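**Student:** Residues in the sequence shown are numbered from -8 upward in steps of one, following our numbering. Idealized CB from N, CA, C, for every residue including glycine. All of these numbers come straight from a predicted model, not from anything done at the bench. Following this message is one structure expressed as structure tokens.
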Amino acid sequence: HVRKATLLHGGLTPLRVLLMEMEPPLDVMGLEILVDHRCAVVTNGNTSGGGWVQRCKPALKALLARGAVLGSHSLQSRLLKRVEEDGMSLWVERVLESLRRCRPEVPDLVLSRIADFAGKGG
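The following block contains the structure:
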């Protein structure tokens, strides 16, 4: 359902219901958003990359920030690669913030090293 909400609707409202208002909250860690190359075609019949990616960008970023992945069969337009990079950056920020909140005793130096390792820096 998460995949469908992201690719068909593209908006954050249906996704918010699925991710935050369900009991227990839905975990999308490792979910492949684009299972095969036909997923994007099914969304609106437009395979020209930018159209469906642009429409779904907020929902894609929200899922990627929660640990979902595009998948190995995804179409790799420049825009989609940028969305994936942004999503990874948001995911690293969420992980670091969770560590700060749940483990305040972890030294800042360790968090900085984790950020450097994850490619975030700082």
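For residue 43, which option in 60, 78, 57 and 25 has the closest C-alpha, if you only look at C-alpha atoms?
**Tutor:** The shortest C-alpha separation from residue 43 is found at 25.
**Student:** Answer yes if the segment 52 to 61 comes into contact with the segment 69 to 85, meaning at least three C-beta pairs across the two stretches below 8 Å, and no otherwise.
**Tutor:** The segment 69 to 85 is in contact with the segment 52 to 61.
**Student:** Quick check on residue 1: buried or exposed, where buried means 16 or more other Cβ atoms within 10 Å of its Cβ?
**Tutor:** Buried: at least 16 other Cβ atoms inside 10 Å.
**Student:** Would you mind working out which of 4, 13 and -6 sits nearest residue 21, comparing C-alpha positions?
**Tutor:** The shortest C-alpha separation from residue 21 is found at -6.
**Student:** Only counting the same chain, and skipping five residues up and downstream in sequence, which positions put a Cβ closer than 6 Å to that of residue 71?
**Tutor:** These residues qualify, in order along the chain: 44.
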